[in-house]
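Peer 1:
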């Protein structure tokens, strides 16, 4: 509480996680020409984000109130992966490198005023900004996603996917409330 008429609330949360995985599989395929397949799958993931919120509530009089809210989330993720599949028909290796960054900002404004006991007006506005940049890089010795990607035959394939998504949205509404009697209201 800043004063009798003004409140400010805020918080922040930070998280950082690291995860490592490794799986080794030995599969036996039983058919006319039975064979074994060994698959190694390794991965590492680092995620971190920061989430914060600030709220300002201001009520100068009984008839008026103003609320401002801002929320922000910043995120970053890095991942690596490696898959090695060995059987009599193939020796396939796929390395994956991923990097994703994001920003999400939300701002809200709400203002209400009581003109009299039967009449109240409210203005609400909302602004959102979202920015996401996920990037992925695949390195492999065998063609992947056949039919989806036009790949030239090569001893080593390096596929890079860069994306960027940016969204800005704004909406506002003006509400007018009338109390006709205890059972009837107009909005």
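In the numbering used here, the protein residues as written are 799 to 985. All C-beta atoms in this analysis are idealised placements derived from N, C-alpha and C, irrespective of residue type, glycine included.
1) Can you list, in chain order, the residues of its chain whose CB lies under 6 Å from that of residue 963, leaving out five sequence neighbours each side?
2) Quick one, which of 922, 924, 841 and 863 has its alpha-carbon nearest residue 876's?
3) Taking all protein chains shown into account, do 16 or more other C-beta atoms lie within 10 angstroms of the C-beta of residue 938, making it buried, or fewer, making it exposed?
4) What are the boundary residues of the beta strand (DSSP E) that residue 840 is part of?
5) Mind checking whether residue 921 and residue 955 have CB atoms under 8 Å apart?
6) Is there contact between the segment 810-819 and the segment 843-850, where contact requires at least three CB pairs shorter than 8 Å?
7) What beta strand (DSSP E) runs, 3 residues minimum, are completely inside the segment 871-953?
8) Figure out for me which residue from 839, 856, 914 and 911 has the closest Cα to the Cα of residue 878.
9) Suppose the cutoff is 7 Å on Cβ atoms and the five residues either side in sequence are ignored; what does the same chain contact list for residue 949 look like?
10) Below 8 Å on the Cβ atoms is my contact criterion, and I expect residue 874 with residue 899 to pass it. Report the Cβ-Cβ distance as a whole number of Å.
11) For the pair the segment 882-896 and the segment 826-838, tell me if three or more CB-CB distances fall below 8 Å.
12) What does DSSP give as the partner residue(s) for residue 802 in the beta ladder?
13) Quick check on the DSSP output: the beta strand (DSSP E) that includes residue 982 runs from which residue to which?
14) Which residues does DSSP list as the beta-bridge partners of residue 965?
Peer 2: So, from the data block:
1) 930
2) 841
3) buried
4) Residue 840 -> beta strand (DSSP E) spans 833-859.
5) No, these two residues do not count as a Cβ contact at 8 Å.
6) yes
7) 888-914 and 917-938
8) Proximity to residue 878 across 839, 856, 914 and 911 peaks at 839, based on C-alpha coordinates.
9) 941 and 955
10) 5 Å
11) yes
12) Residue 802 pairs with nothing; no bridge assigned.
13) Segment: none, residue 982 is in no beta strand (DSSP E) and carries neither H nor E.
14) BP columns for residue 965 point to 928.
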